[in-house]
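To start, the structure under review is shown below, and the notes come after it.
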Amino acid sequence: MSVNDLLSYVRWIDLRAAEFVTAIRTPALTEAMTSMTGLGSVTAGVVLVGLFHLAGWGEEFRTSVV
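1405 is the number of the first residue of the sequence shown in the working numbering; add one for each residue after it.
Okay, structure coming up:
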């Protein structure tokens, strides 16, 4: 399998996924997806701040919390 074939396959999968989401998307689902994405971002931020604290990076920890 060549790189071009692999990229074509990835694009095909991406298109199918986008078509699926478009087909099932409703206002309620959109709201849920937005909420979950926001929670994921907040969780990632908390994990990063926690890693700063555990690593002993006091200044970075204080800066990121403020």
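All residues carry an ideal CB built from backbone N, CA and C; glycine is no exception.
Query, Result
"The alpha helix (DSSP H) enclosing alanine 1427, as first and last residue numbers", "1407-1428"
"C-alpha gap between arginine 1415 and threonine 1434, whole angstroms", "23 Å"
"Alpha carbon of threonine 1430 to alpha carbon of tryptophan 1461, nearest angstrom", "44 Å"
"Cutoff 7 Å; reference phenylalanine 1456; Cβ partners in own chain excluding five residues on either side", "Glu1464, Phe1465, Ser1468"
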